[in-house]
Amino acid sequence: MNRVKISEKSSLAEIRERFDSDVDRFSRLETGQTATIDAKLAMEVTCKVAASATPEISQILDIGCGAGNYSLQLMEETEGPISCHLSDLSQPMLDRARERVSALGRGPVQMFAGDFRTLDFPEGSYDVILAAAVLHHLRDSSDWENAFQKLYRLLRPGGGIWIVDLVHHSIPTVQNLMWERYGEYLESLGGPEYRQKVFAYIEKEDSPRPLLWQLDLLKKVGFQNVEVLHKNSCFAAFGGIRS
Ligand SMILES: C[S@@+](CC[C@H](N)C(=O)[O-])C[C@H]1O[C@@H](n2cnc3c(N)ncnc32)[C@H](O)[C@@H]1O
């Protein structure tokens, strides 16, 4: 992994185009997105923690929301009215997410189309920010740091950010082992062609960072309390609470 240089990775337009035509794959709440190891488990644990770590949730932001699985799962773990802000590059994803979340009748649902890094969201207002399988599209270290700083500012004190994502490992032998295990998992789902297909788009599109690096960055931008919720092979669920 990571043989493609950062400067040669997919552009935002290329990423958007790929997801525009992949909405159904991200619309299955009962399994989550199966190319992720432990997809459903990670989604359930993360949303349970998000719901219990911040009492009185009334406003949430789901960045890279896809078809809305994480917002839906969080709704299952909470009660009462919730205003849901959905952010994604892909309009077809947003349309599906809004349709599914609105159908629950829990409160207003607003779409934010475009790159979350440059969109204006209300600062200091969110009780929970969900970021599932999206931050691995961030590129160099300053891009990551600016994005984490922005997400910190968007939370109200006591609000939590909860991330589920593909992660890299800084020790090459560990990375190779975890990558091989992920390849075996993909083969068990769809044979060698599926493994090759997923590995090819990850190589072209994604630039994940190590879990511990991201936890350090969360602390650096201000999160005093950070926590790992789950890790299996090269997927992790983690996050932090704004003091
Ligand atoms: C792998 S999907 C995950 C969808 C959903 N979070 C889930 O777990 O089911 C990643 C989503 O992030 C969106 N995305 C990627 N980069 C983004 C960015 N910079 N700003 C907003 N959305 C982005 C893509 O369009 C895509 O719908």
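With this note's numbering applied, the sequence shown corresponds to residues 837 to 1079, in that order.
Glycine included, each C-beta is placed from N, C-alpha and C at the ideal position.
- Secondary structure of Ala-939 (DSSP, three-state): coil.
- In this structure, the CA atom of Arg-864 is about 28 Å from the CA atom of Arg-975.
- With fewer than 16 other Cβ atoms inside 10 Å of its own Cβ, Leu-955 counts as exposed.
- Rounded to whole angstroms, the gap between the alpha carbons of Ser-888 and Lys-876 is 18 Å.
- Closer than 7 Å to some heavy atom of ligand 1: that describes the Cβ of Ala-968.
- With a cutoff of 8 Å on beta-carbon distance, Ala-969 and Met-929 are scored as not near each other.
- For Ile-1007, no beta strand (DSSP E) encloses it, and the DSSP letter there is neither H nor E.
- Between Val-964 and Ala-878, the C-beta spacing is not below 8 Å.
- As computed with DSSP, Gln-1032 is found in no beta bridge at all.
- Cβ contact annotation for Glu-1063 (same chain, cutoff 8 Å, sequence separation greater than five): Val-885, Phe-1074, Gly-1075, Gly-1076, in chain order.
- In the pairwise beta carbon analysis, the region 855-869 is classified as touching the region 917-933: at least three pairs are separated by under 8 Å.
- Between ligand 1 and Met-911, a heavy atom-to-CB distance of less than 7 Å is absent.
- Setting aside the 5 residues that flank it on each side, His-1066 is surrounded in the same chain by Ala-878, Val-881, Ala-1073, each with a C-beta closer than 6 Å to its C-beta; the list follows chain order.
- Where Leu-1053 is concerned, the enclosing alpha helix (DSSP H) starts and stops at 1047-1056.
- Ranking Ala-983, Ser-907, Gly-960 by CA distance to the CA of Glu-935 puts Ser-907 first.
- With respect to the C-alpha of Ile-851, the residue from Thr-870, Gly-900, Gln-869, Thr-867 having the closest C-alpha is Gly-900.
- When distances are taken from the beta-carbon of Gln-869 to the heavy atoms of ligand 1, the shortest one is below 7 Å.
- According to DSSP, residue pairing for Ala-968 in a beta bridge involves Val-1000.
- With at least 16 other beta carbons inside 10 angstroms of its own, Gly-868 counts as buried.
- Scanning Glu-1041, Arg-1078, Asp-979, Phe-1071 for the CA closest to the CA of Ser-847 turns up Glu-1041.
- Here the C-alpha atom of Tyr-1030 lies approximately 7 Å from the C-alpha atom of Leu-1022.
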